[in-house]
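Using my numbering, the first residue of the sequence shown is number 1, and each one after it goes up by one. Just below is one structure, and these are the notes that go with it.
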Amino acid sequence: MTPALPPLSLGVDLTSTRPGTPGGTFMRRFWLAIARGEDLMRGEAKPIRIMSEDYVLYRGISGQPRLIAQRCPHRGAPLHLGWVEGEHIRCVYHGWKFDGAGECVEQPAEDPGFCRKVQIATRPVREHMGLVFAYLGEGDPPEFPPYPAPPQEGLIEAWPVERVPCNYLQCFENTMDEVHVAFVHAPGGSHRAMSDLPLISAEETGWGMIRYGKRKSGKVRVTLHYAPAVTRVIVPPLTGMEGVGGWTEIYFNFTPVDDENHLWLITHHVKVTGESATAYRRKRVEYLERRAMAPPALDVALDLMAGKGRFADVLGHPDLAIVQDIAVQAGQGRIQDRSREHLGRSDAGIIAWRRILARELSSIAAGRSGKAWRRPPPDALPELGI
Ligand code: FES
Ligand SMILES: [Fe+2]
Numbered sequence: 001m002t003p004a005l006p007p008l009s010l011g012v013d014l015t016s017t018r019p020g021t022p023g024g025t026f027m028r029r030f031w032l033a034i035a036r037g038e039d040l041m042r043g044e045a046k047p048i049r050i051m052s053e054d055y056v057l058y059r060g061i062s063g064q065p066r067l068i069a070q071r072c073p074h075r076g077a078p079l080h081l082g083w084v085e086g087e088h089i090r091c092v093y094h095g096w097k098f099d100g101a102g103e104c105v106e107q108p109a110e111d112p113g114f115c116r117k118v119q120i121a122t123r124p125v126r127e128h129m130g131l132v133f134a135y136l137g138e139g140d141p142p143e144f145p146p147y148p149a150p151p152q153e154g155l156i157e158a159w160p161v162e163r164v165p166c167n168y169l170q171c172f173e174n175t176m177d178e179v180h181v182a183f184v185h186a187p188g189g190s191h192r193a194m195s196d197l198p199l200i201s202a203e204e205t206g207w208g209m210i211r212y213g214k215r216k217s218g219k220v221r222v223t224l225h226y227a228p229a230v231t232r233v234i235v236p237p238l239t240g241m242e243g244v245g246g247w248t249e250i251y252f253n254f255t256p257v258d259d260e261n262h263l264w265l266i267t268h269h270v271k272v273t274g275e276s277a278t279a280y281r282r283k284r285v286e287y288l289e290r291r292a293m294a295p296p297a298l299d300v301a302l303d304l305m306a307g308k309g310r311f312a313d314v315l316g317h318p319d320l321a322i323v324q325d326i327a328v329q330a331g332q333g334r335i336q337d338r339s340r341e342h343l344g345r346s347d348a349g350i351i352a353w354r355r356i357l358a359r360e361l362s363s364i365a366a367g368r369s370g371k372a373w374r375r376p377p378p379d380a381l382p383e384l385g386i
């Protein structure tokens, strides 16, 4: 049963996910997206920082991704500098080698038998809908995948990853703030169909929160917010992708790098098959080419935040909506000072999630177990509702 909600309280730190904090403990109870699958080649190893902890993510020759502690247990060299050998990784400093389970299996300059005493920490890693997920908590992970793939046919594609310079909660909350669309995305007109102001309401579910945006027409847009920080919503095509594929269903994963930075790991489902899928792919290649030629969305957003230009100056950017979103959300500051806000009726979704989060983090802080979250069922679906 879902516990009762407390009044909106800022008595608990909602934003930190460092190890040992209530937020860090809460987030570590879920599978979290940590990378885009196609950004990690077989045989490649990369450093990765998630919730203020450092790891090395590598992909073995079989294609299986693996996540291990960042530093070699010998003398602390960063393991991403080494070599992936089959499913193993070898440290570049003195050649110690670790298998996929973290056991040391070779120490070229040591006595036989020493390596049996050495291990490196590993974490469970799986892939779903083009993203790499890890479980960073204690004990056994929850069921995988953390949320269902869409039931309809179509293309599933993960977007290039953005690293956004602010706390994850700001951007997760923004997805509960449907009113922003009519203002932030007005320049350029990418969300013109959503320009009337919805009446927002939200309710807690066993897996997170369902949010409604009721329009003047009576239609209701339905958005799903999966605990701890995923939003599933139907959105307009990116700039330049109009006319093919229609509106897409996106799964927006907000994963903290540390308390002041986070990743946008987005995967989407485009309901196209056959010839329309081919047309979509062609247009997508053109979009990615334009994107490669343009300044990165983050750089443009940082310029706008610094007063160098306005939205009207960057309307041709292929990731205009992303530029606009980063500028306002990271523009709130690295960690938005929520004690200074004046929340109103349109913030009903944000208020609802903060109460849920505050209840869970207070529970953890008091040593209680908190809610037993369920995995979202496949028949809970977002609706376009415009
Ligand atoms: S530090 Fe890695 S083998 Fe020595
Ligand atoms: Fe937005």
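We put the CB at the ideal spot given by N, CA and C, even for glycine. Since the model is a prediction, treat every value here as computed from it, not as a measurement.
task: Look up C91 in the DSSP assignment and say whether it is helix, strand or coil.
output: Here residue 91 is taken as the residue at index 91 of the sequence shown, counted from 1. DSSP, reduced to helix, strand and coil, places C91 outside both helices and strands of the structure shown, so it counts as coil.
query: Assuming L224 and P378 make a contact with CB atoms under 8 Å, what is their CB distance in whole Å?
result: Taking the first residue of the sequence shown as position 1, residue 224 is located at position 224. Taking the first residue of the sequence shown as position 1, residue 378 is located at position 378. At roughly 12 Å, the Cβ-Cβ gap does not stay under 8 Å, so L224 and P378 are not in contact.
task: Confirm the yes/no value for this check: CB of N174, any heavy atom of ligand 2, distance under 7 Å.
output: Locating residue 174 in the sequence shown gives position 174, where the first residue counts as 1. It does: the Cβ of N174 is within 7 Å (strictly closer) of some heavy atom of ligand 2.
query: Do the stretch 24–33 and the stretch 364–376 touch if we need at least three Cβ pairs shorter than 8 Å?
result: Between the stretch 24–33 and the stretch 364–376, the count of Cβ pairs shorter than 8 Å is three or higher; the stretches touch.
query: Can you tell me where the beta strand (DSSP E) with W83 in it begins and where it stops?
result: Within the sequence shown, the letter at position 83 stands for residue 83. 83–85 is the extent of the beta strand (DSSP E) around W83.
field: Closer than 7 Å: residues whose CB approaches a heavy atom of ligand 1
entry: The set, ordered by position in the chain, is C72, H74, R75, G76, A77, C91, Y93, H94, G95, W96.
field: Where W247 falls: helix, strand or coil (DSSP)
entry: The residue given as residue 247 occupies position 247 in the sequence shown. Three-state result, W247: coil.
CA-to-CA distance, G333 to A109, given in whole angstroms: Locating residue 109 in the sequence shown gives position 109, where the first residue counts as 1. Locating residue 333 in the sequence shown gives position 333, where the first residue counts as 1. Distance between the alpha carbons of A109 and G333: 50 Å.
query: To which residues does DSSP link P419 through a beta bridge?
result: There is simply no residue 419 to check, as the chain begins at 1 and stops at 386 in what is shown.
- request: Return yes when at least one heavy atom of ligand 2 lies under 7 Å from the C-beta of V314, else no.
  value: On the sequence shown, position 314 is the one that residue 314 refers to. Result no, Cβ not under 7 Å from ligand 2.
query: Just to confirm, are V440 and L298 a CB contact at a threshold of 8 Å?
result: Given a span of 1 to 386 for the chain in the structure shown, any question on residue 440 remains unanswerable.
task: Please look up how many angstroms separate the CB atoms of D196 and R215, rounded, as I've assumed it's under 8 Å.
output: Stepping through the sequence shown from its first residue, residue 196 is reached at position 196. Stepping through the sequence shown from its first residue, residue 215 is reached at position 215. About 6 Å separates the beta carbons of D196 and R215, which is inside the 8 Å limit, making them a contact pair.
- prompt: With which residues is I210 paired in a DSSP beta bridge?
  reply: For the purposes of this step, residue 210 is identified with residue 210 of the sequence shown, where counting begins at 1. Beta-bridge pairing by DSSP links I210 to E203, L224.
- prompt: For ligand 2, is there a heavy atom less than 7 Å away from the beta-carbon of A227?
  reply: Counting from one through the sequence shown, the residue named residue 227 turns up at place 227. Outside the cutoff, so no.
- prompt: Any heavy atom of ligand 2 closer than 7 Å to the CB of V105?
  reply: Position 105 of the sequence shown holds residue 105. V105: no, Cβ never under 7 Å from ligand 2.
query: Cα-Cα, which of V235, Y135, P65, R355 is closest to P146?
result: The count along the sequence shown starts at 1 and reaches residue 146 at position 146. Of all alpha-carbon atoms in V235, Y135, P65, R355, the one lying nearest the alpha-carbon of P146 is that of Y135.
task: Measure the beta-carbon distance from A229 to Y280 and round it to whole angstroms, keeping in mind my assumption that it falls under 8 Å.
output: The residue given as residue 229 occupies position 229 in the sequence shown. The residue given as residue 280 occupies position 280 in the sequence shown. Taking C-beta atoms under 8 Å as the contact rule, A229 and Y280 fail to qualify, at a distance of about 28 Å.
message: At the level of alpha carbons, what is the spacing between C166 and R338?
response: On the sequence shown, position 166 is the one that residue 166 refers to. On the sequence shown, position 338 is the one that residue 338 refers to. So the alpha carbons of these two residues sit roughly 14 Å apart.
- prompt: Is any heavy atom of ligand 2 found at a distance shorter than 7 Å from the C-beta of A321?
  reply: Along the sequence shown, one-based indexing puts residue 321 at 321. A321 has its CB nearer than 7 Å to a heavy atom of ligand 2.
task: Give the secondary structure of L361 by DSSP, where H, G and I count as helix, E and B as strand, and everything else as coil.
output: The sequence position of residue 361 within the sequence shown is 361, counting from 1. Residue state, collapsed to three classes: helix.
Proximity below 8 Å, CB of T273 to CB of E87: Mapped onto the sequence shown, residue 273 falls at position 273. Mapped onto the sequence shown, residue 87 falls at position 87. Remark: C-beta atoms of T273 and E87 do not approach each other more closely than 8 Å.
field: DSSP bridge partner residues for Y135 (one or two, in chain order)
entry: Here the question's residue 135 lines up with position 135 in the sequence shown. Answer is W31, bridged to Y135.
query: What do you reckon, are the CB atoms on E178 and G213 nearer than 8 Å?
result: Translated into the one-based positions of the sequence shown, residue 178 becomes position 178. Translated into the one-based positions of the sequence shown, residue 213 becomes position 213. Yes; because the gap between Cβ atoms is below 8 Å, this pair is in contact.
- prompt: Between G307, V233, L199, which lies nearest to G218 when the distance is taken from Cα to Cα?
  reply: Here the question's residue 218 lines up with position 218 in the sequence shown. Closest option to G218, Cα to Cα, is L199.
message: If you reduce the DSSP assignment to three classes, tell me which class N167 lands in.
response: Reading the sequence shown from its first residue, position 167 is the one you call residue 167. In this structure, N167 counts as coil in the three-state DSSP scheme.
query: Buried or exposed: where does G344 fall if 16 or more other Cβ atoms within 10 Å of its Cβ makes it buried?
result: Your numbering for residue 344 matches position 344 in the sequence shown. It is exposed - the Cβ of G344 has fewer than 16 other Cβ atoms within 10 Å.
- prompt: Name the DSSP beta bridge partners of K97, please?
  reply: Here residue 97 is taken as the residue at index 97 of the sequence shown, counted from 1. Bridge partners of K97: R90, E106.
- prompt: With distances taken from CA atoms, which of V314, M241, L304 is nearest E289?
  reply: For the purposes of this step, residue 289 is taken as residue 289 along the sequence shown, with counting starting at 1. Of V314, M241, L304, the residue nearest in Cα terms is M241.
message: If you follow the alpha helix (DSSP H) that T278 is in, where does it begin and where does it stop?
response: Here residue 278 refers to the residue found at position 278 when the sequence shown is read from its first residue. For T278, the uninterrupted alpha helix (DSSP H) segment begins and ends at 274–293.
query: Just how far apart, CA to CA, sit G385 and E203?
result: Taking the first residue of the sequence shown as 1, we reach residue 385 at position 385. Taking the first residue of the sequence shown as 1, we reach residue 203 at position 203. Approximately 17 Å between the Cα atoms of the pair.
field: Those runs of the alpha helix (DSSP H) which lie wholly inside the stretch 300–353 and span at least 4 residues
entry: You should have 320–329.
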